[in-house]
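Accompanying notes for the structure given below.
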Amino acid sequence: MSSRYKLIFFIWLLQFVNYLDRVNISVAGPTMMKSLSIDAGSFGLILAAFTLGYAFMQMPGGFLADRFGAKTLLVCAPLVWSIFTGLTGMVHTVEALIAVRLCFGLSEGSSNASFYKIIGDNFSSKERAKAAGYWNTALALGPACVAPLAVWVLGRTGWENLFLIFALPGFAMALLLWYVLPNDKRGLVRADSVEETHKIGWKALLRRPSTWLLFIAYLTFNVGFWGFLGWMPGYLAMARHIDLKTLGYAASIPYVFGFFGLLVFGWLGSHTFYRYRGQLVGVGYALAALSLYLAYSASDIGPCMIGLCCAAFFLYGGFGPYGSIALDLAPAPERAAFVGFISTGGQIGGFFAPIVVGFVVNSTGSFNGGFIFMMCALLISSGCYLSLNRYTRYSTVALAMP
Numbered sequence: 003m004s005s006r007y008k009l010i011f012f013i014w015l016l017q018f019v020n021y022l023d024r025v026n027i028s029v030a031g032p033t034m035m036k037s038l039s040i041d042a043g044s045f046g047l048i049l050a051a052f053t054l055g056y057a058f059m060q061m062p063g064g065f066l067a068d069r070f071g072a073k074t075l076l077v078c079a080p081l082v083w084s085i086f087t088g089l090t091g092m093v094h095t096v097e098a099l100i101a102v103r104l105c106f107g108l109s110e111g112s113s114n115a116s117f118y119k120i121i122g123d124n125f126s127s128k129e130r131a132k133a134a135g136y137w138n139t140a141l142a143l144g145p146a147c148v149a150p151l152a153v154w155v156l157g158r159t160g161w162e163n164l165f166l167i168f169a170l171p172g173f174a175m176a177l178l179l180w181y182v183l184p185n186d187k188r189g190l191v192r193a194d195s196v197e198e199t200h201k202i203g204w205k206a207l208l209r210r211p212s213t214w215l216l217f218i219a220y221l222t223f224n225v226g227f228w229g230f231l232g233w234m235p236g237y238l239a240m241a242r243h244i245d246l247k248t249l250g251y252a253a254s255i256p257y258v259f260g261f262f263g264l265l266v267f268g269w270l271g272s273h274t275f276y277r278y279r280g281q282l283v284g285v286g287y288a289l290a291a292l293s294l295y296l297a298y299s300a301s302d303i304g305p306c307m308i309g310l311c312c313a314a315f316f317l318y319g320g321f322g323p324y325g326s327i328a329l330d331l332a333p334a335p336e337r338a339a340f341v342g343f344i345s346t347g348g349q350i351g352g353f354f355a356p357i358v359v360g361f362v363v364n365s366t367g368s369f370n371g372g373f374i375f376m377m378c379a380l381l382i383s384s385g386c387y388l389s390l391n392r393y394t395r396y397s398t399v400a401l402a403m404p
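Here the sequence shown is numbered in the working numbering, starting from 3 and rising by one per residue.
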C-alpha cells in the first residue's frame, strides 16, 4: 500500500470512530425518549444541537488546519469529543443534553476540514473523487455497524452506558494518529495544474458564482442527508413499528448500500465522469429524492426498505465527487478554510433538518411531511450541482473565472 493510501486508511479509521459516536444517539433515541419522557420535538432539538456546534467550528477548524497542519486537529479533536460522548450518558435533562451535544459538535466540527486537507494535499485533482469516496465509506459503515452494536449494548447495559463505552475508541484513535500521521504540512502533491497555489483572498472567492452554488448545494443536500441519518431509526420504530431487536439490523441495511454508492460514485468521479462531476452528483440527488418518495409512500415494509436503501446509495454516493469539486475550486493555501466555509452551509441545513422533521411529526403525527421537506431540499441541491458543472468540467478554466 502506498504512503498516500495509508493516510486514507488512518483517516478512514478516525472517521469510522467519529460516526460511531455521532450516530449512536439516533439508535438510542427511542429508548432515551421513553426513559426521559422527551417528545419528538425536544429530541429534534437535541439532535440539532450537535449540528449547530459542528457548523460553528467549520471555518475556525479550517483556518487552524491551514495554519498548524491537519495532524494537530486530527489528534486533539477526538480527545475532546470522546469526553462529550461519555458525558451524553451522564445527563438526564433536555437542557443538559442540548449543552453536551453542542460541545460534542464543536469538538467534532474542528477536525472536518482537516480530512479534506489531507486529501487535497496528497492527491491530484483526478484522484480526489476516488480517494474521498474511499475515506467516506466510513460514513456508511459507521452507522451500519453502530446500529446492531448499539442495540446489543442497549439491551444489556442501558442507554447511559452505551455512550460511556463508545467514548473509548476516540481516545485510542488520538494516540494512534499521534504516531502515524506525518508532521509535514505541505503534503505530497506540490503543484497541481488545475488549482491555484497562491492566496487569492476571500473577497475574490466570495465573488465567484461557483462558491455560492456549492454552498447552497451542500446546505440543501444536508437537509436531506441529516434528516435521513437522524430520523431513519426513529421512523422505522415509530411509523413502521419495528421492534428494538429487529431495528438494529433493519436500520443498518441502507448504510451498506451507502457504502457501495461511495465506491461507485467515487470511481466514476475519478474516471468516466471526471469532467461531469456536477452532473453526476446532481442526477444522484434527484434519484435520492425519488427513492425517499418510494420509501414513505410504500404500504409495506419491504418496498419501504428498498426505497431507503436506494436513497442511501445516492445520498452517500455524492460525497466523493463533492469533495473533489470543493478541493478543485479551493486555492491550495486556503483549501481547508474554503472547505470549512462550504461545510458551514451544509451544517446549517443539517441543523434545521431534524428540528423541522421533529416538528412535523409532533404536529401531524406522520413522517410524510418530513419526507417531502427532505425531497424538496434534495431537488434544489440537484439543480445547483447541475448548474455548477460549467465551473468544474474544465478545472483550469473554472479557477480562472470570477
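The C-beta atom is built at its ideal place from N, Cα and C for all residues, glycine as well.
Reduced DSSP category for tryptophan 14 - H, G, I as helix; E, B as strand; rest coil: The residue labelled residue 14 in the question sits at position 12 within the sequence shown. The answer is helix: DSSP assigns tryptophan 14 an H, G or I state.
Burial state of phenylalanine 168 (16 or more Cβ within 10 Å): Position 166 of the sequence shown, counted from the start, is the residue given in the question as residue 168. When all chains shown are included, phenylalanine 168 counts as buried.
Isoleucine 218 versus serine 113: straight-line alpha-carbon distance, rounded: For the purposes of this step, residue 218 is identified with residue 216 of the sequence shown, where counting begins at 1. For the purposes of this step, residue 113 is identified with residue 111 of the sequence shown, where counting begins at 1. Answer to the nearest angstrom: the Cα atoms are 22 Å apart.
Proline 323 and alanine 131 closer than 8 Å at C-beta: For the purposes of this step, residue 323 is taken as the residue at position 321 of the sequence shown. For the purposes of this step, residue 131 is taken as the residue at position 129 of the sequence shown. Contact flag set, yes.
Short Cβ contact (8 Å threshold) for valine 341 with tyrosine 7: Along the sequence shown, one-based indexing puts residue 341 at 339. Along the sequence shown, one-based indexing puts residue 7 at 5. Their beta carbons are not under 8 Å apart, which means valine 341 does not touch tyrosine 7 by this criterion.
Ranges of the alpha helix (DSSP H) found wholly within the stretch 313-387, counting only runs of at least 4: 321-331, 337-366
4-residue-minimum alpha helix (DSSP H) runs that sit fully inside the stretch 76-127, ordered along the chain: 96-111, 114-124
Segment limits, alpha helix (DSSP H) that includes leucine 289: Along the sequence shown, one-based indexing puts residue 289 at 287. Note, leucine 289: alpha helix (DSSP H), 279-299.
Whole-Å CB distance - glycine 280 paired with isoleucine 327, under 8 Å assumed: Looking up residue 280 in the sequence shown gives position 278. Looking up residue 327 in the sequence shown gives position 325. Indeed they touch by this definition, with Cβ atoms about 7 Å apart.
Separation of alanine 149 from proline 356, as counted between CA atoms: Looking up residue 356 in the sequence shown gives position 354. Looking up residue 149 in the sequence shown gives position 147. Approximately 19 Å, taken between the alpha carbons.
Spatially closest choice to isoleucine 100 from Lys73, Leu38, Ser44, Val363, by CA coordinates: For this step, residue 100 is matched to residue 98 along the sequence shown. Checking every option, the nearest Cα to that of isoleucine 100 belongs to Ser44.
Whole-Å CB distance - arginine 103 paired with alanine 51, under 8 Å assumed: Along the sequence shown, read from residue 1 onward, the residue named residue 103 stands at position 101. Along the sequence shown, read from residue 1 onward, the residue named residue 51 stands at position 49. Their Cβ separation, rounded to whole angstroms, is 4 Å, which keeps arginine 103 and alanine 51 in contact under 8 Å.
Rounded C-alpha distance that separates serine 37 from glutamate 162: Taking the sequence shown and counting its residues from 1, one reaches residue 37 at position 35. Taking the sequence shown and counting its residues from 1, one reaches residue 162 at position 160. Roughly 11 Å separates the two Cα atoms.
Close beta carbons around glycine 347, own chain, < 6 Å, minus the five adjacent residues each side: Translated into the one-based positions of the sequence shown, residue 347 becomes position 345. Closer than 6 Å at the Cβ level, and outside the excluded window around glycine 347, lie Phe217, Tyr220, Leu221.
Whole-Å CB distance - leucine 265 paired with glycine 135, under 8 Å assumed: Counting from 1 along the sequence shown, the entry for residue 265 is found at position 263. Counting from 1 along the sequence shown, the entry for residue 135 is found at position 133. Yes, leucine 265 and glycine 135 are in contact; Cβ-Cβ is about 6 Å, under 8 Å.
Buried or exposed (CB count within 10 angstroms, at least 16 for buried), valine 182: To locate residue 182, count along the sequence shown from 1; it is residue 180. Valine 182 should be labelled exposed.
Straight-line gap, valine 358 to phenylalanine 58 (C-alpha atoms, nearest Å): Residue numbering aside, residue 358 sits at position 356 when the sequence shown is read from its first letter. Residue numbering aside, residue 58 sits at position 56 when the sequence shown is read from its first letter. Their backbone Cα atoms lie some 20 Å apart in a straight line.
Straight-line Cα distance separating asparagine 26 from threonine 90: For the purposes of this step, residue 90 is taken as residue 88 along the sequence shown, with counting starting at 1. For the purposes of this step, residue 26 is taken as residue 24 along the sequence shown, with counting starting at 1. So the two alpha carbons sit approximately 11 Å from each other.
Cβ-based neighbour list, leucine 164, same chain, cut-off 8 Å, excluding 5 preceding and 5 following: On the sequence shown, residue 164 is found 162 positions in, with the first residue counted as 1. Excluding positions up to five away in sequence, the list reads Asn26, Ala30, Gly91, Ala152, Val155, Leu156.
Distance between alanine 291 and leucine 381 (C-alpha atoms, nearest Å): Sequence index remark: in the sequence shown, residue 381 carries index 379 (1-based). Sequence index remark: in the sequence shown, residue 291 carries index 289 (1-based). Rounded to whole angstroms, leucine 381 to alanine 291 spans 7 Å at the Cα level.
Proline 80 beta carbon less than 8 Å from that of leucine 16: The residue given as residue 16 occupies position 14 in the sequence shown. The residue given as residue 80 occupies position 78 in the sequence shown. Result yes, Cβ atoms of leucine 16 and proline 80 sit closer than 8 Å.
For leucine 166, the first and last residue of its enclosing alpha helix (DSSP H): Walking along the sequence shown from the start, residue 166 turns up at place 164. It spans 161-168 - the alpha helix (DSSP H) in which leucine 166 sits, taken as one unbroken run.
For serine 212, three-class secondary structure by DSSP: Indexing the sequence shown from 1 puts residue 212 at position 210. Note: serine 212 maps to helix in three-state DSSP.
Reduced DSSP category for leucine 38 - H, G, I as helix; E, B as strand; rest coil: Along the sequence shown, one-based indexing puts residue 38 at 36. It is helical.
Neighbour-count burial assignment, asparagine 391, 16 or more Cβ in a 10 Å radius: On the sequence shown, residue 391 is found 389 positions in, with the first residue counted as 1. Under this definition asparagine 391 is a buried residue.
Assigned exposure category for asparagine 124 - 16 Cβ within 10 Å defines buried: As a working note, residue 124 is residue 122 in the sequence shown. Burial call: buried.
Same chain only: Cβ atoms within 7 Å of glycine 371, ignoring 5 sequence neighbours per side: Counted from its first residue, the sequence shown places residue 371 at position 369. Here the set comprises Val362.
Same chain, Cβ closer than 7 Å to serine 109, five either side skipped, listed in chain order: The sequence position of residue 109 within the sequence shown is 107, counting from 1. Cβ within range, chain order: Ala79, Val82, Trp83, Phe86.
Neighbour-count burial assignment, serine 212, 16 or more Cβ in a 10 Å radius: Taking the sequence shown and counting its residues from 1, one reaches residue 212 at position 210. Per the 10 Å Cβ criterion, buried.
Nearest neighbour of proline 32, chosen from Leu22, Gly46, Val19 [CA to CA]: Start at 1 with the first residue of the sequence shown, and residue 32 comes out as number 30. When only C-alpha atoms are compared, the closest one is Gly46.
Beta-carbon gap between leucine 282 and glycine 268 smaller than 8 Å: Here residue 282 refers to the residue found at position 280 when the sequence shown is read from its first residue. Here residue 268 refers to the residue found at position 266 when the sequence shown is read from its first residue. In this structure, glycine 268 does not lie closer than 8 Å to leucine 282 by Cβ.
Proximity of methionine 376 and glycine 226 at Cβ, strictly below 8 Å: Your numbering for residue 376 matches position 374 in the sequence shown. Your numbering for residue 226 matches position 224 in the sequence shown. Cβ atoms of methionine 376 and glycine 226: closer than 8 Å.
Test item: CB-CB of glycine 107 and glycine 55 under 8 Å: Along the sequence shown, read from residue 1 onward, the residue named residue 107 stands at position 105. Along the sequence shown, read from residue 1 onward, the residue named residue 55 stands at position 53. In contact: glycine 107 and glycine 55 (Cβ atoms closer than 8 Å).
Between the CA atoms of glycine 325 and serine 127 - distance to the nearest angstrom: Indexing the sequence shown from 1 puts residue 127 at position 125. Indexing the sequence shown from 1 puts residue 325 at position 323. The alpha-carbon atoms of serine 127 and glycine 325 are separated by roughly 10 Å.
Proximal residues to alanine 174 (C-beta, below 6 Å), its chain only, five neighbours per side dropped: Residue 174 sits at position 172 when you count from the first residue of the sequence shown. If we look at alanine 174 and ignore the five residues flanking it on each side, it has no Cβ neighbours.
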